[in-house]
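Student: So my numbering is basically just the index in the sequence shown, starting at one, shifted up by 45. Beta carbons: idealized from backbone N, C-alpha and C, even for Gly.
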Amino acid sequence: MHFEMGSGVAVDAEGIVYLFTRDVEHWAAHPLAMAEKMGKSSISMFDREGEYLGKWGPSDERGFALGAHTIYFDDQGMLWTTDRDGHVVKKYHPDGTLLLTLGTFGEWGDGPDKFNGPTAVVIQPNGNIVVSDGYWNSRLVWFTGDGEFLKSVGTWGCGPAQFNTPHALAQDSSGRLLVADLCGGNFHPYMTVPGQIAEHRTQPIPGCVSRIQILDPDGNYLDEWTHISPLSLAVYGEHVYASDKMRNLAILDAATGKEIDRVENIAIYIHQMAMDAHGDIYTASVYPEHAGEKRGVDGPSHRRWTRSANAT
């Protein structure tokens, strides 16, 4: 099976792998034309051995996903997707039934019912929903489990609890929020329409570095780890797995951020990682070509690494 852009990957409790994909034609399209192209986004399912099980979300379904970004399972087995260019976060039953939509499809903004480039979502133990409204709002947004707005946290910047581009979210075993905050990730004027990005946000922030920010469950700043340039995060046990500089895997102690192990060059542009119940690692590699490095449209958009018995 052929996927040009592996944007998202998630694994359910039974080990079924869900892939959230888009194509090169979509990402090369000007946003004013994307509403017609619709990105050919789909969600495909595979078993643990890679056997294709089917898909849902046909590519020509109006409103399914304008810009597939990331995908997650919550503890109840429900599937969540973020649509960066459609500006919505959706909750689905695994059979494809839409259960909840946060945001307004195709409309960007910064109020309680609008996003501007959402990137990730987590469900907290108390049932609250946290969305990283990442590319052009630089904030985290809290909702009740029913989708009622609670609050937003963060502004554009590089200080504590400020964000440049919050691109990924994870929770550790104590409920702390881990935020992968990219420096310069919002510099995508070619993906936006006039007025969507404030002019001052198109300029770099002096001293800005990519980092992992650690917040308490209410969004209060606790700490940050600046030795990692993360694009994606996953937690397994007491370890945090972070894609570092887009192609490397760093394994960190969840309590301290200390680097325990590292694997170099596991993929090109690791857009999202996921872990299954066995601790196997799955990656989605979004670009066929990035920074001059080519995997080619025929190269693997998704990969799996099997955990050995003595692995970290």
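1. What are the residues that DSSP puts in a beta bridge with Thr210?
2. To the nearest angstrom, how far is the alpha carbon of Pro205 from that of Ala322?
3. So Pro163 and Gly151 are in contact, right, with Cβ under 8 Å, and what is the actual spacing, rounded?
4. When you compare the segment 48-67 with the segment 86-94, are there three or more beta-carbon pairs, one atom per stretch, that lie closer than 8 Å?
5. Mapping the DSSP letters down to three states, classify Thr146 as helix, strand or coil.
6. According to DSSP, which residues form a beta bridge with Ala113?
7. Taking Leu214 as the reference, which of Gly141, Ile259, Pro251 has the closest Cα?
8. Confirm, please, whether the CB-CB distance from Gly53 to Thr115 is below 7 Å.
9. Is Gln121 buried or exposed, if buried means 16 or more other CB atoms sit within 10 Å of its CB?
10. Would you please state the rounded distance, in angstroms, between the beta carbons of Gly362 and Ala110? I believe it to be under 8 Å.
11. Find the nearest neighbour of Asp268 within the set Thr301, Ser277, Met291, judged by alpha-carbon distance.
12. Could you pull out every residue in the same chain whose Cβ sits closer than 6 Å to the Cβ of Asn182, ignoring the five residues on either side in sequence?
13. Going by C-alpha to C-alpha distance, which of Ala295, Asp119, Val133 sits closest to Tyr180?
14. Can you tell me the Cα-Cα spacing of Ile174 and Glu244, whole angstroms?
15. Quick one: residues in its chain with C-beta nearer than 6 Å to the C-beta of Tyr281, no 5 flanking neighbours on either side, listed in chain order?
16. Quick one: what's Leu278 bridged to in DSSP?
17. Tell me whether Pro139 sits in a helix, a strand or coil according to DSSP, three-state version.
18. Does Pro170 pass the burial test, meaning 16 or more other C-beta atoms within 10 Å, or should it be called exposed?
19. Report yes if the CB atom of Arg221 is closer than 7 Å to the CB atom of Gly199, and no otherwise.
20. According to the neighbour-count rule (16 or more other Cβ atoms, all chains shown, within 10 Å of its Cβ), is Asp298 buried or exposed?
21. Going by other Cβ atoms of all chains shown within 10 Å of its Cβ, with 16 needed for buried, is Gly112 buried or exposed?
22. Do Ser277 and Lys290 have their CB atoms nearer than 7 Å?
23. Does the separation of the CB atoms of Arg292 and Ile326 fall below 7 Å?
24. Given a cut-off of 7 Å on the beta-carbon distance, is the pair Lys159 and Thr146 in contact?
25. Which word fits His272, buried or exposed, when buried means at least 16 other C-beta atoms lie within 10 angstroms of its C-beta?
26. For the beta strand (DSSP E) that Gly53 lies in, which residues bound it at each end?
27. Identify which residue in Asp261, Gly252, Pro251 has its Cα closest to the Cα of Ser219.
28. If the criterion is Cβ atoms closer than 7 Å, does the pair Ile296 and Ile305 meet it?
29. Hey, how far is the Cα of Thr247 from the Cα of Trp153?
30. Around the Cβ of Arg129, are there at least 16 other Cβ atoms within 10 angstroms (buried) or fewer (exposed)?
31. Report the three-state DSSP secondary structure of His316 (helix, strand or coil).
32. Just to confirm, is the Cβ distance from Asp13 to Phe208 under 7 Å?
33. Using three-state DSSP, classify Arg93 as helix, strand or coil.
Tutor: In short:
1. Leu227
2. 33 Å
3. Between Gly151 and Pro163 the Cβ distance is about 13 Å, and since that is not below 8 Å, they are no contact.
4. yes
5. strand
6. Asp128
7. Ile259
8. yes
9. exposed
10. In this structure the chain extends from 46 to 357, so residue 362 is not present and cannot be described.
11. Thr301
12. Asp155, Asn161
13. Val133
14. 30 Å
15. Met320, Gly324
16. Ala287
17. coil
18. exposed
19. no
20. exposed
21. buried
22. no
23. no
24. no
25. exposed
26. 50-56
27. Asp261
28. yes
29. 17 Å
30. buried
31. strand
32. Look at the range of the chain in this structure, 46 to 357, and you will see that residue 13 is not part of it.
33. coil
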